[in-house]
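Colleague: The structure under discussion is supplied below as structure tokens; questions concerning it will follow.
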Amino acid sequence: MYKNFIKKLVLGTTETQEYICTGFQNLSDPFKVFLSFKNNPESKEVTASHIFLGYKPLLIGITLTHDDTCYSILQRSTEVCLSFQRNLFTDLIQKNAFYIDTKSDALIFLKILTEKKFNNQSLFIFEGVFGEHHFLSPFHQFTNSIHEKLKRKRRDNINLPGNLYKQVAIAYSVPRIISVISLGKNNLFNLFPTDLHGAIDDTFYVGSLRHEGKACQQVEEIKKIALANVPADFSQDAYAMGKNHMQGLKSIDNFKTGSLRTELFNYPLPDETLSYREMELQDHFDAGIHRLLFYKIIHQKVISNNSATLCHLHKHYITWRNKKGLNTERLIR
Numbered sequence: 001m002y003k004n005f006i007k008k009l010v011l012g013t014t015e016t017q018e019y020i021c022t023g024f025q026n027l028s029d030p031f032k033v034f035l036s037f038k039n040n041p042e043s044k045e046v047t048a049s050h051i052f053l054g055y056k057p058l059l060i061g062i063t064l065t066h067d068d069t070c071y072s073i074l075q076r077s078t079e080v081c082l083s084f085q086r087n088l089f090t091d092l093i094q095k096n097a098f099y100i101d102t103k104s105d106a107l108i109f110l111k112i113l114t115e116k117k118f119n120n121q122s123l124f125i126f127e128g129v130f131g132e133h134h135f136l137s138p139f140h141q142f143t144n145s146i147h148e149k150l151k152r153k154r155r156d157n158i159n160l161p162g163n164l165y166k167q168v169a170i171a172y173s174v175p176r177i178i179s180v181i182s183l184g185k186n187n188l189f190n191l192f193p194t195d196l197h198g199a200i201d202d203t204f205y206v207g208s209l210r211h212e213g214k215a216c217q218q219v220e221e222i223k224k225i226a227l228a229n230v231p232a233d234f235s236q237d238a239y240a241m242g243k244n245h246m247q248g249l250k251s252i253d254n255f256k257t258g259s260l261r262t263e264l265f266n267y268p269l270p271d272e273t274l275s276y277r278e279m280e281l282q283d284h285f286d287a288g289i290h291r292l293l294f295y296k297i298i299h300q301k302v303i304s305n306n307s308a309t310l311c312h313l314h315k316h317y318i319t320w321r322n323k324k325g326l327n328t329e330r331l332i333r
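Using my numbering, the first residue of the sequence shown is number 1, and each one after it goes up by one.
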């Protein structure tokens, strides 16, 4: 009790886990995300069409059809802004030449890295430059930045220096779905979780893995994967699978699976699987520690719609929700 009091006093939160698991469909009043530009009042809601693809550096993908009014603006732009807020994008002011909403709870400014074209649609890939939010007071944002800096440095490159920690916290203020990737060959398999992924359109998909990890090497070698959505109460199992990113292929008895297999590739899936896609690797793009992997969707199947999909959110956003009186269903992991 006393320890929690001190923690809240110093850091502004008593959350013990960096990321809080919940059910995607059960989250009340989630943020909307809006794309805006420099010296141009045009804007677009991209809540469903932006894809979180990396955290070192921060990478965001935005999909647009070529007939969208914002497409030509984006092609001419080198920088954009993403606003995260509960309300519509209406009360506009200019900040550093960008149009933003006075009601925005968080902003990320980004620079464009590349455009990848898929039929009549493009995926623009951006790198985060600077982020700011109101989830915590300025004092507690400062103490948290010091706390992050003093953490023991790890060899796995997940320390987030400077403003990057803030950018990542903002990116995780939108629920990020945790899925399970399955692949294999010669009766040896691997299953591991991912939250850096999303559909480009009905035919193409993008995901991101650390290019130094064994999981990424396996995807590039085998070139065929299944990606399964799982229910929220699968959170403990999904997090436990995290170690498999650095593991080799193993026999099926090393994994918590049953009889469920994909229809085309015959890959094992968790019995709790809600839906899955079978996909083939087409291309890749590197940025920082991440390799963005582009897939063609070969087959997809919905098994059940009876459960909320597993996702997670950053603790600073959860703290902000608490202060706003917004309840969040939490899952212990």
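C-beta atoms are modelled at their ideal positions from N, C-alpha and C, and glycine is treated no differently.
1. Please confirm if the stretch 281-294 is in contact with the stretch 99-106, defined as three or more CB-CB distances below 8 Å between the two stretches.
2. Please report the Cβ distance between N190 and Q247, rounded to the nearest whole angstrom; I am assuming they are in contact, meaning their Cβ atoms lie under 8 Å.
3. Which same chain residues, not among the five before or five after L274, have their C-beta less than 7 Å away from its C-beta?
4. Could you have a look at A226 and say whether DSSP puts it in helix, strand or coil?
5. Within this structure, are the beta carbons of L64 and Q121 separated by less than 8 Å?
6. Using alpha carbons as the reference points, say which of F24, R277, G213 lies closest to K340.
7. Between E45 and chain C, is there a C-beta pair that is closer than 8 Å?
8. If we require 4 or more residues per run, which alpha helix (DSSP H) segments fall completely within the stretch 18-73?
9. For the alpha helix (DSSP H) containing S235, name the first residue and the last one.
10. Taking the alpha carbon of H134 as the reference point, which residue from N244, Q85, C216 has its own alpha carbon closest?
11. For L188 and K250, which I take to be in contact (beta-carbon distance under 8 Å), what is that distance rounded to the nearest angstrom?
12. Can the beta-carbon of H314 be found less than 8 Å from the beta-carbon of S208?
13. What residues in its chain sit with their C-beta under 8 Å from that of F126, if we drop five residues either side in the sequence?
14. Per DSSP, what are the beta-bridge partners of C81 in this structure?
15. Is it true that the CB of D233 sits closer than 8 Å to the CB of L331?
16. Name, in chain order, the residues that DSSP records as bridge partners for N190.
17. Count the other CB atoms, across all protein chains shown, that sit within 10 Å of the CB of P57; report buried if there are 16 or more and exposed otherwise.
18. Please report the distance separating the alpha-carbon of C21 from that of C311.
19. Would you kindly work out how many angstroms separate the C-alpha atoms of K337 and Y205, rounded to a whole number?
20. As a quick exercise: from K223, H197, G131, H66, pick the residue whose alpha carbon is nearest that of A48.
21. Here's a check: name, in chain order, each residue in its chain whose Cβ is nearer than 7 Å to the Cβ of I200, leaving out the five neighbours to either side.
22. Could you give the distance in angstroms between the alpha-carbon of K95 and the alpha-carbon of N87?
23. What are the boundary residues of the beta strand (DSSP E) that K360 is part of?
24. Got a sec? Which residues, its chain only, sit under 6 Å from K334 by beta carbon, not counting five neighbours each side?
25. Let me make sure I understand the geometry here. Which of D195, R333, R321 has the alpha-carbon closest to that of L136?
Modeller: So, to answer that:
1. no
2. As a first step, residue 190 must be located in the sequence shown, where it is residue number 190. As a first step, residue 247 must be located in the sequence shown, where it is residue number 247. With a beta-carbon spacing of about 6 Å, N190 and Q247 fall inside the 8 Å limit used to define contacts.
3. On the sequence shown, residue 274 is found 274 positions in, with the first residue counted as 1. Closer than 7 Å at the Cβ level, and outside the excluded window around L274, lie N229, V230, P231, I303, S304, S307, T309.
4. In the sequence shown, the residue the question calls residue 226 occupies position 226. Strand.
5. Taking the first residue of the sequence shown as 1, we reach residue 64 at position 64. Taking the first residue of the sequence shown as 1, we reach residue 121 at position 121. In contact: L64 and Q121 (Cβ atoms closer than 8 Å).
6. As shown, the chain starts at 1 and ends at 333. That puts residue 340 outside it, with no answer to give.
7. Among the protein chains of the structure shown there is no chain C, as only one such chain exists.
8. none
9. Taking the first residue of the sequence shown as position 1, residue 235 is located at position 235. Start and end: 235-240.
10. Within the sequence shown, numbered from 1, the residue matching residue 134 stands at position 134. The option with the nearest alpha carbon to H134 is Q85.
11. Sequence index remark: in the sequence shown, residue 188 carries index 188 (1-based). Sequence index remark: in the sequence shown, residue 250 carries index 250 (1-based). Right, their Cβ atoms sit about 6 Å apart.
12. For the purposes of this step, residue 314 is identified with residue 314 of the sequence shown, where counting begins at 1. For the purposes of this step, residue 208 is identified with residue 208 of the sequence shown, where counting begins at 1. Contact flag unset, no.
13. Residue numbering aside, residue 126 sits at position 126 when the sequence shown is read from its first letter. Only L59, I60, G61, I62, V80, L110, K111, I112, L113 meet the Cβ criterion.
14. Against the sequence shown, residue 81 aligns to sequence position 81. C81 pairs with S36, F109.
15. Working through the sequence shown from its first residue, we reach residue 331 at position 331. Working through the sequence shown from its first residue, we reach residue 233 at position 233. Cβ atoms of L331 and D233: closer than 8 Å.
16. Taking the sequence shown and counting its residues from 1, one reaches residue 190 at position 190. For N190, which the question treats as bridged, DSSP gives the partners L183.
17. Numbered from its first residue, the sequence shown carries residue 57 at position 57. Flag for P57 reads buried.
18. Position 21 of the sequence shown holds residue 21. Position 311 of the sequence shown holds residue 311. Answer to the nearest angstrom: the Cα atoms are 6 Å apart.
19. The requested residue 337 does not occur in the structure, where the chain is confined to residues 1 to 333.
20. Within the sequence shown, residue 48 is the residue found at index 48, counting from 1. The residue with the shortest Cα to Cα distance from A48 is H197.
21. Stepping through the sequence shown from its first residue, residue 200 is reached at position 200. Closer than 7 Å at the Cβ level, and outside the excluded window around I200, lie T63, F118, Q121, L123, V206.
22. The residue labelled residue 95 in the question sits at position 95 within the sequence shown. The residue labelled residue 87 in the question sits at position 87 within the sequence shown. Each residue's Cα considered, the two are about 19 Å apart.
23. Outside the shown range of the chain (1 to 333) lies residue 360, about which nothing can therefore be said.
24. Since the displayed the chain opens at 1 and closes at 333, residue 334 lies outside it and no answer follows.
25. Position 136 of the sequence shown holds residue 136. Among D195, R333, R321, the Cα nearest to that of L136 is on R321.
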